[in-house]
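Numbering (the working numbering), first residue to last: 3 to 114.
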Amino acid sequence: MFMIHLCLLKNCNYKHSKYTTFKIYQPKERIIMASEYIDRIVHQWYVQHFIKPYFIPQFINTTYACIEGRGMHKASKDLQNAMWNCKKQWNNYYILKMDITKYFHNIDKRIL
Numbered sequence: 003m004f005m006i007h008l009c010l011l012k013n014c015n016y017k018h019s020k021y022t023t024f025k026i027y028q029p030k031e032r033i034i035m036a037s038e039y040i041d042r043i044v045h046q047w048y049v050q051h052f053i054k055p056y057f058i059p060q061f062i063n064t065t066y067a068c069i070e071g072r073g074m075h076k077a078s079k080d081l082q083n084a085m086w087n088c089k090k091q092w093n094n095y096y097i098l099k100m101d102i103t104k105y106f107h108n109i110d111k112r113i114l
C-alpha cells in the first residue's frame with residue numbers, strides 16, 4: 003500500500019483521503035478531524051523535507067515550538083537570561099502572559 007502512495011507522489015497524482023470527523027466534550031466541546039494513517043506519514047515526510055528547510059532559517063531566534071534543538075527547556079532558559087539582564091539593567095521589568103482564545107478558529111478560511 004505504501005509503495006502505491008509513493009508512486010502516486012512521484013507522478014503528482016496523490017490525493018489526500020477523507021477525514022474522520024468526531025466530537026469530543028472534555029475539557030470543552032471540539033470537533034476533531036483525523037487523517038488516515040498513510041496521509042499522516044506523507045504529511046510528516048513533506049514537512050520534514052520541503053517545509054522545514056525553507057521556513058526554519060527564516061524564523062527569529064526566539065521561535066521554539068516544534069523546532070529540533072529548541073523547545074520548552076531552551077525557551078525557559080532564554081527567558082530566565084532575559085529576565086536577569088533586565089533586572090541588572092533596569093532593576094525593574096514586566097512580563098505579559100497572554101493567550102489568544104480560539105485564534106485558529108477565528109481565521110477567515112477564505113482569505114487563508
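Where is the CB? At the ideal position from N, CA and C, for every residue including glycine.
Exposure label - residue i; buried when at least 16 CB within 10 Å
| i | result |
| --- | --- |
| V44 | buried |
Inter-residue Cα distance where the pair is residue i and residue j
| i | j | result |
| --- | --- | --- |
| G71 | N63 | 12 angstroms |
| K54 | K30 | 32 angstroms |
| I40 | M85 | 45 angstroms |
| Q28 | H51 | 35 angstroms |
| Y48 | Q91 | 45 angstroms |
| L98 | G73 | 20 angstroms |
| I113 | N93 | 45 angstroms |
| Y16 | I58 | 26 angstroms |
Secondary structure of residue i, DSSP reduced to three states
| i | result |
| --- | --- |
| A77 | helix |
| M35 | strand |
| K17 | coil |
| K99 | coil |
Range covered by the alpha helix (DSSP H) that runs through residue i
| i | result |
| --- | --- |
| K30 | It is not in any alpha helix (DSSP H) - K30 carries neither H nor E in the DSSP assignment. |
| Y56 | 54-57 |
Short Cβ contact (8 angstroms threshold) for residue i with residue j
| i | j | result |
| --- | --- | --- |
| K89 | Y95 | yes |
| T22 | I33 | no |
| Y66 | K76 | yes |
Residue-chain proximity (residue i, chain C), Cβ-Cβ < 8 angstroms
| i | result |
| --- | --- |
| P59 | Checking the listed chains, one finds no chain C in this structure; it contains a single protein chain. |
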